[in-house]
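Going letter by letter, the sequence shown gives residues 6 to 133 in the numbering used here.
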Amino acid sequence: ELAKMLIEAGASAEPSRTDGAGLLSLAIASQNEQVIDLAFMHGPRRLDRQGQTDSAFTCVEQLARAFFDPASIGSWLRSGASPSELIGEIGALILCASVDTSVKKQLCNVRAFLSCHCDVLQDPSRWP
Numbered sequence: 006e007l008a009k010m011l012i013e014a015g016a017s018a019e020p021s022r023t024d025g026a027g028l029l030s031l032a033i034a035s036q037n038e039q040v041i042d043l044a045f046m047h048g049p050r051r052l053d054r055q056g057q058t059d060s061a062f063t064c065v066e067q068l069a070r071a072f073f074d075p076a077s078i079g080s081w082l083r084s085g086a087s088p089s090e091l092i093g094e095i096g097a098l099i100l101c102a103s104v105d106t107s108v109k110k111q112l113c114n115v116r117a118f119l120s121c122h123c124d125v126l127q128d129p130s131r132w133p
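Set out below in structure tokens:
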């Protein structure tokens, strides 16, 4: 309830922690359906139908699978997401009980790739 009031009062939903943890990753880590819904409504845009009719945990599962698409990751980076923000979101997804174990294993590989190439991914001028 407090988070909703702060956002409605104009508080920024942008990540502010140095580790990249933002509204979406912290909401997913909370496992609280209302907080996750709030994050999908007001946080960074990751899914086409984000914040609409799907349940919070359906969106979490869709987000987990969206990390398997390099074009999605590239789009998020071009839209201002930092590699550390995406790594934080993956970490929260890996901890989430509603995400399938096989998906979590693949997410570990995506997180490792992002971590290994963080310096290049932070600088779009170095992209092909």
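Yeah, the Cβ is synthetic: ideal placement off N, Cα and C, and Gly gets one too.
For V65, the first and last residue of its enclosing alpha helix (DSSP H): Here residue 65 refers to the residue found at position 60 when the sequence shown is read from its first residue. A61 to A71 is the span of the alpha helix (DSSP H), which, as asked, contains V65.
Considering only residues of the same chain and omitting the five flanking positions on each side of A102, which have a CB-CB separation below 8 Å? For the purposes of this step, residue 102 is taken as residue 97 along the sequence shown, with counting starting at 1. So the list reads Q36, once near-sequence residues are dropped.
Span of the alpha helix (DSSP H) around T106: What you label residue 106 is simply residue 101 of the sequence shown in a count that begins at 1. T106 to C121 is the span of the alpha helix (DSSP H), which, as asked, contains T106.
V125, buried or exposed, once every other Cβ within 10 Å from all chains shown has been counted against 16: Along the sequence shown, one-based indexing puts residue 125 at 120. Classification for V125: exposed.
Do L91 and the ligand ATP come close, with the Cβ less than 7 Å from some heavy atom? Summarising the ligand content, the structure contains no ligands, and the ligand ATP is consequently not present.
Residue nearest to L100 in terms of C-alpha spacing, selected from P75, A34, P88 and I78: Along the sequence shown, read from residue 1 onward, the residue named residue 100 stands at position 95. Considering only alpha carbons, the answer is A34.
Once the 5 residues before and after A69 are set aside, which same chain residues still bring their CB inside 7 Å of it? Reading the sequence shown from its first residue, position 64 is the one you call residue 69. Excluding residues within five positions, the ones whose Cβ falls inside 7 Å are L98, V104, V108 and L112.
Near I95, which residues of its chain fall below 7 Å by C-beta distance, leaving aside the five closest residues on each side in sequence? By 1-based counting over the sequence shown, the position of residue 95 is 90. So the list reads F72, L112, V115 and R116, once near-sequence residues are dropped.
Identity of the residue in T23, A32, A26 and L82 nearest V65 by Cα: Taking the first residue of the sequence shown as 1, we reach residue 65 at position 60. Per the Cα distances, A32.
Contact belief for G93 with A26 at Cβ below 8 Å, rounded distance in angstroms: Reading the sequence shown from its first residue, position 88 is the one you call residue 93. Reading the sequence shown from its first residue, position 21 is the one you call residue 26. Sure, about 5 Å apart at Cβ, within 8 Å.
Cβ atoms of F62 and E38: under 8 Å apart, would you say? Along the sequence shown, one-based indexing puts residue 38 at 33. Along the sequence shown, one-based indexing puts residue 62 at 57. Cβ distance < 8 Å, so E38 and F62 count as in contact.
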